[in-house]
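Residue numbers (this note's numbering): 768 to 1095.
Here's what the structure looks like:
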């Protein structure tokens, strides 16, 4: 699924059809191999490579949102610790991108060099916070996680950023009130299944393959994120909105559960060619039906620009949305 190609920044080669090069090579920074970003990003990259003349897109695995936003400005490490070239396209949680734009949260001490240069291309799918415990656990609320072993996501991931916000909203200090672990969700699900940890946070698609897998042999429940704590989080961070996960989504989860969602969004910088940006966005939505991943059906034009906040659309994407009637 992953497009395998040589990697070069678009400014290093002539554009599609140019005299000096037969192709433009782009890199898409995704996420950990156990999450949704990596396999989904591979399929989207292949769509682009197959449907845009003289464009080749490759992907690489990363720690996800925070790391990906940094990769727009220079070299970064992939999830194996190997130096990877600068990426021209990234997948990131919209709330984390807003923090990067504002030099807040994980970017407060080490802000991006040019946070105003981030450009949105469009939403990919809803990023739903799912806090998983065993079905027979005594844990009924986020507040009950005090003193527990809790997977909060890899450092720099959107999951980790949101998990810390949520724990603090429930009066828990992530540094001292829980025993925090930072595995990818695939490993976190395994640890939950074998009882090594008591709960696992994950910003994931619904249904999430990792949760489906662990619930096949160990019934699970999802903890609600609602009430005053949810209202406070939404007031502080407009990238959040409430979402209900239907009962029966996972083995052991019999009741509907209210939680929070953000968006997995495609970002770039102002340096990306306008026509290329237009074509990337057009193909992602027009060919979404070819995506085999479970969340392929959630890549929808009518939600493409929801929750972008004050991050500007790339002019090429903006032109496409105007043609589609989403913008005036």
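Glycine included, C-beta positions come from ideal geometry on N, C-alpha and C. The model shown is predicted, which means the values in this text are computed figures rather than measured ones.
Sequence-distant residues of the same chain with beta carbon closer than 6 angstroms to residue 1080, five excluded per side: 887
Would the region 856–869 and the region 883–903 be scored as touching if the rule is three or more Cβ pairs under 8 angstroms? yes
Once DSSP output is grouped into helix, strand and coil, what is the label at residue 1032? strand
Can you tell me whether DSSP reads residue 1010 as helix, strand or coil? strand
Reducing DSSP to helix, strand and coil, say where residue 865 ends up. helix
Measuring CA to CA, which of 961, 950, 1047 and 944 is closest to residue 912? 944
Segments assigned beta strand (DSSP E), at least 3 residues, entirely inside the region 925–954: 946–948
So does the region 802–813 actually touch the region 996–1003, counting three or more Cβ pairs closer than 8 angstroms? no
Residue 817: buried (16+ other C-beta within 10 angstroms of its C-beta) or exposed? exposed
Alpha-carbon to alpha-carbon, residue 932 and residue 925: 11 angstroms
I need the boundaries of the beta strand (DSSP E) containing residue 972, first residue and last residue. Residue 972 -> no beta strand (DSSP E), and no H or E assigned at all.
Could you please give me the residues that DSSP links to residue 1072 through a beta bridge? The partner list for residue 1072 (beta bridge, DSSP) is empty, contrary to what the question assumes.
Label residue 1089 either buried or exposed according to how many other C-beta atoms from any shown protein chain fall within 10 Å of its C-beta, with 16 as the threshold for buried. exposed
Does the region 1018–1034 come close enough to the region 982–990 that 3 or more CB-CB pairs lie under 8 angstroms? yes
Should residue 1084 be labelled buried (16 or more other beta-carbon atoms within 10 Å of its own) or exposed? buried
Cutoff 7 angstroms; reference residue 845; Cβ partners in own chain excluding five residues on either side: Here the model assigns residue 845 a pLDDT of 46, short of 50, so the residue's position is not dependable, and the following value carries that caveat. Closer than 7 angstroms at Cβ, skipping near neighbours: 827, 828, 829 and 851.
If residue 795 sits next to residue 1054, beta carbons under 8 angstroms apart, how far is it from one beta carbon to the other, in whole angstroms? At roughly 15 angstroms, the Cβ-Cβ gap does not stay under 8 angstroms, so residue 795 and residue 1054 are not in contact.
Specify the secondary structure class of residue 897 as computed by DSSP and reduced to three states. strand
By the DSSP assignment, the beta strand (DSSP E) with residue 999 in it spans what residues? It is not in any beta strand (DSSP E) - residue 999 instead sits in the alpha helix (DSSP H) that spans 994–1003.
Extent of the continuous beta strand (DSSP E) to which residue 758 belongs: Here the chain covers residues 768 to 1095 and nothing more, so residue 758 does not appear.
Can you name the residues that DSSP bridges to residue 792? 823
In whole angstroms, give me the CA-to-CA distance for residue 1078 and residue 916. 36 angstroms
Rounded to the nearest angstrom, what separates residue 983 and residue 1062 at their Cα positions? 20 angstroms
Counted within 10 angstroms of its Cβ, other Cβ atoms place residue 1020 as buried (16 or more) or exposed: buried
Which class does residue 892 belong to by DSSP, given the choice of helix, strand or coil? strand
Distance between residue 822 and residue 792 (C-alpha atoms, nearest Å): 6 angstroms
Using alpha carbons as the reference points, say which of 973, 965 and 910 lies closest to residue 1014. 973
Is the Cβ of residue 811 closer than 8 angstroms to any Cβ of chain C? Although the question refers to chain C, the structure presented lacks it and comprises just one protein chain.
In whole angstroms, give me the CA-to-CA distance for residue 855 and residue 1076. 21 angstroms
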